[in-house]
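J.: Quick note: the sequence shown, position 85, residue 85 per the UniProt record's numbering, numbers continuous.
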Amino acid sequence: MLKLISVTATATALSCFGCHSLYHSLNTKVECEIKEKNLTSNKKLDLNETCHKVAIIGSGIGGCSAAYFLRKLMPNVKIDVYEKSHIVGGRLSIVKVGDHEFEAGGSIIHNKNQYVVNFMKETGLQPNVKPEKNFGIYNNEHFVFVESGVKIYNFLKLLWRYGPYTLYKMNLVVNETLKQFDNIYSLQDYQKAYRTVEELLVDIGGEKILQYTKETLANVMLKEGVSKKLIDELITAAIRVNYGQNTNINAFAGLVALAGIQGDSLFSIKGGNYQICKNLLSISYVNLMLDQEISSIQKCYDNSTKKVYYNLEFNNDERSKVNYDCVIIAAPLEAPKCILKCNNCLNWPSTQGSFKQIFATFVQGCLKYDTFNCKSENEVPSFILTTENLKLKYTSIGVQTDVYGIMPEKKIYKLFSHYKLNDDDLKSCFHLDNSLTPKPVVEWYAYPAYNVPEVFAPFKLDDGVFYVNAIERAASAMEMSAIGGRNAAILSYQYLEK
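1) Have a look at the DSSP bridge pairing and note the partners of Pro448.
2) From the DSSP output, read off the bridge partner residues of Ser268.
3) How far does the alpha helix (DSSP H) with Ser428 in it extend, from its first residue to its last?
4) Expressed to the nearest angstrom, what Euclidean distance is found between the alpha-carbon atoms of Lys312 and Val322?
5) Do you know how far the Cα of Pro438 is from the Cα of Gly405?
6) Can you tell me where the beta strand (DSSP E) with Lys157 in it begins and where it stops?
7) Look at the alpha carbon of Gln188 and the alpha carbon of Val241, and state the distance between them as a whole number of angstroms.
8) Assess contact between the segment 393-405 and the segment 96-105, defined as three or more Cβ pairs (one per stretch) separated by less than 8 Å. Is contact present?
9) With a CB to CB cut of under 6 Å and the five nearest residues on each side skipped, what residues in its chain are close to Val146?
10) DSSP state of Gly206, grouped into three classes?
11) Classify His142 as buried or exposed, calling it buried when 16 or more other Cβ atoms lie within 10 Å of its own Cβ.
12) Counting Cβ pairs, one atom from each stretch, are 3 or more of them under 8 Å apart for the segment 49-69 and the segment 473-483?
13) If we count Cβ pairs, one from each stretch, closer than 8 Å, do we get three or more for the segment 340-349 versus the segment 454-465?
14) State the DSSP-derived secondary structure class of Ala360, mapped to helix, strand or coil.
15) How is the alpha helix (DSSP H) around Gly464 delimited, first residue to last?
16) Just to confirm my understanding: we take Gln245, look at its own chain, exclude 5 residues before and 5 after, and list those with CB closer than 8 Å. What are they?
17) From what residue to what residue does the beta strand (DSSP E) around Phe119 run?
18) For Lys35, which residues from the same chain have a beta carbon less than 8 Å from its beta carbon, with the 5 sequence-adjacent residues on both sides left out?
19) What did DSSP end up calling Glu497 once you bin it into helix, strand or coil?
20) Taking DSSP's pairing of strands, which residues face Lys289 in a bridge?
21) So what's Thr216 in DSSP terms, helix, strand or just coil?
22) Can you tell me where the beta strand (DSSP E) holding Ser296 begins and where it ends?
23) For Asn140 and Lys393, what's the separation of their Cα atoms in angstroms?
24) Would you tell me roughly how many angstroms separate the C-alpha atoms of Gly271 and Glu83, rounded to the nearest one?
25) How is the beta strand (DSSP E) around Asn76 delimited, first residue to last?
26) Specify the secondary structure class of Phe456 as computed by DSSP and reduced to three states.
27) How is Asn279 classed by DSSP in three states: helix, strand or coil?
28) Identify every residue that forms a DSSP beta bridge with Glu313.
29) Figure out for me which residue from Ile57, Ile358, Lys306, Leu390 has the closest Cα to the Cα of Leu415.
30) Based on the DSSP secondary-structure assignment, which residues constitute the bridge partners of Tyr68?
31) Given that a residue counts as buried once 16 or more other Cβ atoms are within 10 Å of its Cβ, and exposed if not, what is Lys427?
32) Taking the straight line between their C-alpha atoms, what separation do you get for Glu379 and Val226?
33) By DSSP, does Asn250 sit in helix, in strand, or in coil?
34) According to DSSP, is Lys414 helix, strand or coil?
35) Put Val144 into one of helix, strand or coil per three-state DSSP.
36) Is it buried or exposed for Tyr493, if we count other Cβ within 10 angstroms and need 16 for buried?
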């Protein structure tokens, strides 16, 4: 039966797999910790002029996992990682509010995320177990559902509201899809690599999984026997908080998001999730170049060796070009601020989709309980999820614990919205004291704007150019990026060793 006993923080983080590149600068200790140009040294490795050279563009979870898996496959390869900002981590970032630091990007990790969990263990990081907090689904008039602190009572409330059959059917389709998707781990253990997203999806679950990227989540759920009420309320709320979109997204992305409302084995990294990226680069012995934006990749030929190599050109920089045997792109080419091009790459995407812009606003204040048709502040749930309503100015509101799992004495809330909220917007929900801490706003292009049928960029953009983020068009999440990173590493290994 459905394990919705602890939806709480599950659905309220960006994703239960959650992750990507933030296009902003945050004044945090991260900058101080990793400001140096070289995070690691290759002195421990037996490198010489004949070793293969690989460039990785992007230091989010996708790029860092690619470096990690490539180093496992090729102990003596030279790996250079280029990051256009002054910090590593991509969409795993933190923001400081008062004396506390909070996750601003990918916030939650599920214990079934095999790669990310292994990264945490191998690099010596510790988990923050998320405290139990209840959630409610708000429709701009009242809460249609509020989670109870008593598990059995909450379970009965779900059955009463939605009915056992429709809950069972939703649970069934989610679990079947995720069980099939788990096949990717054994396939990659056998060094199976994929040139296209379509190949990967068909290999793990047949044509049915691929078909899910061509149909909306709402249509798939209706065909599976899930009720419209459940779709319009619980499922819509999960999609809004995970992707900032609705149930018209592709069904596969939606099913990945819904995995986060099942079970309660959720955590974050103590001190900040960005440390996964930082530590992966450290144990992968890479050369890290910060504040280095690559503008183009040029495919070249060595007439003497008859081999292909690639030049990287830097944005607004006249420095000499850098040559590589292979290039891994771990940054979303669809994002509006991406300038990277490769005019003579064989399969460079000719058209670009769009990315969803999200605003995360951090507020210190007291909720106006009467706004939510409640009689006291204690009646307002810790996490407010929302149904689709044009009058709502936010997609979710949630009480935050800091990166060490501590709840500040004066509560801090995080609001997700589609546009920047002004003071009037905030005052409709909060009693604000202007003398309190400023309200940081994080603006970022979080994930693809999903449309069906999805059109995928290939993983293999040229003979020696591989694209991690192609997988995001199927579903965008921290674990998905790690899977894309390993695929790029295997493709690179097979290309260089042929």
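Beta carbons are placed, not taken as given, at the ideal position from N, Cα and C, and that holds for glycine.
T.: So, from the listed chains and residues:
1) Partner(s): Phe355.
2) Bridge partners of Ser268: Asn128.
3) Element bounds for Ser428: n/a, residue is neither H nor E.
4) According to the sequence shown, residue 312 is Leu rather than Lys. Distance between Leu312 and Val322, taken at the CA atoms: about 5 Å.
5) When rounded, the distance between both Cα atoms is 22 Å.
6) For Lys157, there is no enclosing beta strand (DSSP E); the residue is found in the alpha helix (DSSP H) stretching over 151-162.
7) About 30 Å.
8) These segments touch.
9) Cβ-Cβ distances below 6 Å link Val146 to Gly136, Pro381 in the same chain, with the five nearest sequence neighbours on each side left out; the list follows chain order.
10) The answer is helix: DSSP assigns Gly206 an H, G or I state.
11) Burial check for His142: the Cβ neighbour count within 10 Å stays below 16, so the residue is exposed.
12) Taking a cut-off of 8 Å on C-beta distances, the segment 49-69 touches the segment 473-483, as three or more cross pairs fall below it.
13) As far as the Cβ criterion goes, the segment 340-349 touches the segment 454-465, which means the pair count is three or higher.
14) Ala360 falls in the strand class under three-state DSSP.
15) Neither: Gly464 is in no alpha helix (DSSP H) and is coded neither H nor E.
16) Result list for Gln245: Ile239, Lys356, Ala449, Tyr450, in chain order.
17) Counting along the chain, Phe119 falls outside any beta strand (DSSP E), though it belongs to the alpha helix (DSSP H) covering 114-122.
18) Any reading at Lys35 needs caution, since the residue's pLDDT is 34, under 50, leaving its predicted position unreliable; the model's value is listed next. Same-chain partners within the cutoff: His86, Leu290.
19) Glu497: coil per DSSP, three-state reduction.
20) The sequence given here has Met at residue 289, not Lys. Paired residues: Tyr82.
21) Correct three-state label for Thr216: strand.
22) Secondary structure note for Ser296: its beta strand (DSSP E) is the uninterrupted segment 294-302.
23) Taking the straight line joining both Cα atoms gives about 10 Å.
24) Rounded to whole angstroms, Gly271 to Glu83 spans 22 Å at the Cα level.
25) In this chain, Asn76 is not harboured by any beta strand (DSSP E), its DSSP state being neither H nor E.
26) Residue state, collapsed to three classes: coil.
27) The DSSP-derived three-state label of Asn279 is helix.
28) In the DSSP assignment, Glu313 is bridged to Ser296.
29) Closest option to Leu415, Cα to Cα, is Ile358.
30) Paired residues: none, contrary to the question.
31) Its Cβ having fewer than 16 others within 10 Å, Lys427 is exposed.
32) Each residue's Cα considered, the two are about 30 Å apart.
33) It is a strand residue.
34) Assigned with DSSP and collapsed to three states, Lys414 falls in strand.
35) Val144 falls in the strand class under three-state DSSP.
36) Burial call: buried.
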